[in-house]
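Beneath this line is the structure, given in structure tokens, with notes to follow.
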Amino acid sequence: RVPRRAAAFDWNDEKFLRLRLAGKATDERSVVGRMFPRSRCAEHEFARLVSRWFRQKTSHHSDFVTAERIKLKDFSLNARHTCLAQPWFASLEDGAARQGDINPGAPLAPELAAWLGKSSDCTSFTVLEDLGVRVGQGLRTGANLFFYADKVGEKGSNQILAPAPIFGISHIQVPKKSVQAVLRKQTELPDGYKVEATSLKGRVLALQKYALPEDIKRCGAHRNTRGSYRPMADGLAKLVRVAATTTVGDSHDRRKIPELSAVAPNVRSADPSDPKSNPRFWYMLPNFAPRHRPDLLVARVNHGHPKTFLNAKRAALVDANFVTIWAEKGAHVNSEALLALFNSSWCHASLELIATVMGGGALKVEATYIRRLPLPVLNTTQWERLSCLGKKLVDVSPKKAQDVLRAINQVVVEALVGKANLDKKLEELRVIAQRRLQARSGKRHDTSQSVV
5 RVPRRAAAFD WNDEKFLRLR LAGKATDERS VVGRMFPRSR CAEHEFARLV
55 SRWFRQKTSH HSDFVTAERI KLKDFSLNAR HTCLAQPWFA SLEDGAARQG
105 DINPGAPLAP ELAAWLGKSS DCTSFTVLED LGVRVGQGLR TGANLFFYAD
155 KVGEKGSNQI LAPAPIFGIS HIQVPKKSVQ AVLRKQTELP DGYKVEATSL
205 KGRVLALQKY ALPEDIKRCG AHRNTRGSYR PMADGLAKLV RVAATTTVGD
255 SHDRRKIPEL SAVAPNVRSA DPSDPKSNPR FWYMLPNFAP RHRPDLLVAR
305 VNHGHPKTFL NAKRAALVDA NFVTIWAEKG AHVNSEALLA LFNSSWCHAS
355 LELIATVMGG GALKVEATYI RRLPLPVLNT TQWERLSCLG KKLVDVSPKK
405 AQDVLRAINQ VVVEALVGKA NLDKKLEELR VIAQRRLQAR SGKRHDTSQS
455 VV
């Protein structure tokens with residue numbers, strides 16, 4: 005038994021050995037069988053090997069296992085940071101929970117704390133909230149098969165859409181003002197770093213100002229309704245009427261689209277006491293918020309390093325498959341600078357270390373992880389430099405983008421550890437991110453330089 009300590013976060017220089025086993029280490033005999041193919045007891049050999057690493061105070065990296073020496077102080081302070089948001093923790097600590105915290109706004113992964121090292125004079129980080137930047141999730145329609153369609157052409161002031169096949173309607177013409185461009189899934193992302201609304205074929209039905217003629221007539225007694233909604237054109241009205249009677253779901257739970265749990269709340273009665281209030285109908289999405297039309301976006305499920313994209317002119321709506329990032333009025337940074345920072349090796353490594361690894365090896369990035377990202381405290385000159393590089397990043401070809409990314413990493417890493425041994429520190433940071441990617445994906449990457 006380990007003796008009870010006076011405080012859970014009171015550690016000096018004690019370290020523990022953290023092990024990560026790759027799936028390829030497993031065979032039919034043991035979870036470490038392929039590491040010791042000739043041994044009669046692979047677990048015994050593995051235990052001896054780990055004991056030697058522990059005694060010799062060494063780390064180890066191979067295709068089968070990664071062993072890293074982690075400071076208990078850093079590990080426990082990250083646990084404390086997570087607990088700070090919990091009311092029970094604040095009551096137990098009697099208001100003293102924050103005393104002695106390092107990086108109170110942003111927990112630092114032990115691997116990154118070790119990379120910074122004692123020689124680093126960079127001891128503070130910031131988070132997006134402190135910069136006037138918000139993080140959220142994209143648009144949830146509740147019934148994508150109805151609200152989403154493909155644009156297949158234009159005719160005058162109308163767009164021609166192809167609805168989902170389930171409705172049995174091949175094409176409809178709708179007013180341009182009744183639809184908006186939407187990024188729905190990763191396959192629609194460009195090769196570069198900028199999403200252009202004009203290049204997207206996805207459209208979302210934005211019917212907040214349109215209603216079926218019968219709905220307008222039914223609610224016409226309310227004095228504001230008749231002038232607030234435009235009657236739908238025949239093709240669009242037909243789609244809405246068909247969708248209203250279409251059932252979806254599995255054999256255990258089939259419902260009509262207007263009855264779906266995320267669609268039904270769209271219905272709202274008019275407030276009799278408010279002359280500006282109007283009834284709303286199931287086919288009317290709530291008004292779009294800044295999180296639906298962000299500055300930046302990153303996929304929630306990533307097989308490679310999480311890549312951040314610029315939403316050019318904030319013109320495209322973005323689906324909930326993406327985490328969305330936007331600057332509030334008066335923010336200290338612009339979207340191009342943030343684009344550069346989020347595509348740096350520092351942010352890649354941070355997300356690789358704090359985000360959730362899914363069963364198939366993909367990295368699931370949620371808004372909460374991006375809110376917690378430890379970002380370097382940069383001066384005005386450094387932010388301006390990142391802004392210039394972010395503008396270059398969205399305009400260059402994928403080949404030339406690598407040169408821009410190297411320049412971005414130089415700015416970020418120099419801000420973190422200074423100019424001394426800059427190339428070495430850049431490579432070490434890249435290796436941290438790549439090793440984590442290798443561990444979750446099972447793919448080989450060039451990690452010729454080890455970090456001990």
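For the sequence shown, position 111 (counting from the first letter as 1) is numbered 115 according to this note's numbering, and the numbering increases by one without interruption.
Ideal Cβ positions, reconstructed from N, Cα and C, are used throughout, including at glycine.
Proximity of residue 297 and residue 369 at Cβ, strictly below 7 Å | Residue 297 places its beta carbon 7 Å or farther from that of residue 369.
Proximity to residue 359 [Cα-Cα], best of 113, 422, 167, 416 | Nearest C-alpha to residue 359 among 113, 422, 167, 416: 113.
Per DSSP, what kind of secondary structure is residue 158 in: helix, strand or coil?
-> Three-state result, residue 158: strand.
For the alpha helix (DSSP H) that contains residue 372, what are its first and last residues?
-> Per DSSP, residue 372 belongs to the alpha helix (DSSP H) from 371–376.
Per-residue burial, residue 186 [other beta carbons within 10 Å of its own, 16 or more giving buried] | Under this definition residue 186 is a buried residue.
By DSSP, does residue 291 sit in helix, in strand, or in coil?
-> Note: residue 291 maps to coil in three-state DSSP.
For residue 52, collect the residues of the same chain with a Cβ closer than 8 Å to its Cβ; drop the 5 residues on either side in sequence, then sort them by chain order.
-> Nothing meets the Cβ criterion.
If you draw a straight line from the C-alpha of residue 138 to the C-alpha of residue 294, how long is it?
-> When the Cα atoms are used, residue 138 and residue 294 turn out to be separated by approximately 9 Å.
Separation of residue 190 from residue 240, as counted between CA atoms = Taking C-alpha positions only, residue 240 is separated from residue 190 by approximately 28 Å.
Contact between the region 382–400 and the region 330–347: three or more CB pairs below 8 Å?
-> The region 382–400 vs the region 330–347: in contact.
Terminal residues of the beta strand (DSSP E) in which residue 74 lies | Counted as a single uninterrupted DSSP element, the beta strand (DSSP E) harbouring residue 74 occupies residues 69–75.
Quick one: using the 10 Å Cβ neighbour count with 16 as the cut-off for buried, is residue 362 buried or exposed?
-> Its Cβ having fewer than 16 others within 10 Å, residue 362 is exposed.
Just how far apart, CA to CA, sit residue 371 and residue 445?
-> Between the C-alpha atoms of residue 371 and residue 445 there is a straight-line separation of about 22 Å.
Give me the Cα-Cα distance between residue 216 and residue 236, rounded to the nearest whole angstrom.
-> Cα to Cα, the separation comes out at about 6 Å.
Identify which residue in 401, 367, 418, 402 has its Cα closest to the Cα of residue 389.
-> Residue 389 has its Cα closest to that of 418, out of 401, 367, 418, 402.
Locate the beta strand (DSSP E) running through residue 251, then write down its first and last residues.
-> Start and end: 251–254.
Inspect the beta-carbon positions of residue 285 and residue 195 and report whether they are closer than 7 Å.
-> No, the pair does not count as a contact, with Cβ atoms beyond the cut-off.
Quick one: residues in its chain with C-beta nearer than 6 Å to the C-beta of residue 79, no 5 flanking neighbours on either side, listed in chain order?
-> Only residues of its own chain outside the window of five on either side were considered, and among them 114 have a CB closer than 6 Å to the CB of residue 79, listed in chain order.
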